[in-house]
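Numbering (the numbering used here), first residue to last: 1280 to 1395. Down below is the structure, laid out as structure tokens.
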């Protein structure tokens, strides 16, 4: 029987070669090939971080900051490249959630046996 680390490596390789991972890599490559969309995404992240920091410090968030974030968001969601990237991320995250749920279920069964 394979060791746990060998099985983990096999699982990692299976995930890496999954259609979800392939779609995410392709969508990331397409996003990176679009400098305007990539810049929009970076500007959005920076603006969101700025607002997040202001809120953490309990400082007022100016209406202009909120408007700028909304404007950047609107431009991003209008981009087909960004939509494709986001959909690929969701599919990949869903796969990882299912993997984690499966492992948690198996570990819960072991935990129940230990408590008996």
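Note that beta-carbon positions come from the ideal geometry of N, C-alpha and C, so glycine has one too.
On the three-state DSSP scale, how would you describe residue i?
| i | result |
| --- | --- |
| residue 1342 | helix |
| residue 1367 | helix |
| residue 1381 | helix |
| residue 1336 | coil |
| residue 1295 | helix |
| residue 1347 | helix |
| residue 1312 | coil |
| residue 1306 | helix |
Please report how far the alpha carbon of residue i lies from the alpha carbon of residue j, in whole angstroms.
| i | j | result |
| --- | --- | --- |
| residue 1371 | residue 1378 | 11 Å |
| residue 1368 | residue 1282 | 31 Å |
| residue 1386 | residue 1314 | 44 Å |
| residue 1343 | residue 1330 | 11 Å |
| residue 1320 | residue 1292 | 29 Å |
| residue 1318 | residue 1340 | 23 Å |
| residue 1284 | residue 1337 | 46 Å |
| residue 1390 | residue 1312 | 48 Å |
| residue 1300 | residue 1388 | 29 Å |
| residue 1289 | residue 1296 | 11 Å |
Compare the Cα-Cα distances from residue i to each of the options and report the closest residue.
| i | options | result |
| --- | --- | --- |
| residue 1358 | 1334, 1316, 1304 and 1289 | 1316 |
| residue 1325 | 1363, 1345, 1300 and 1311 | 1345 |
| residue 1361 | 1394, 1337 and 1306 | 1306 |
| residue 1298 | 1375, 1336 and 1338 | 1375 |
| residue 1303 | 1380, 1365 and 1318 | 1365 |
| residue 1286 | 1382, 1328, 1394 and 1334 | 1382 |
Within its chain, find whatever has a CB closer than 8 Å to the CB of residue i; leave out the 5 residues flanking it on each side and keep chain order.
| i | result |
| --- | --- |
| residue 1323 | 1348, 1351, 1352 and 1355 |
| residue 1294 | 1300, 1374, 1375 and 1378 |
To which residues of the same chain is residue i closer than 6 Å at the C-beta, ignoring the five residues directly before and after it?
| i | result |
| --- | --- |
| residue 1309 | 1360 |
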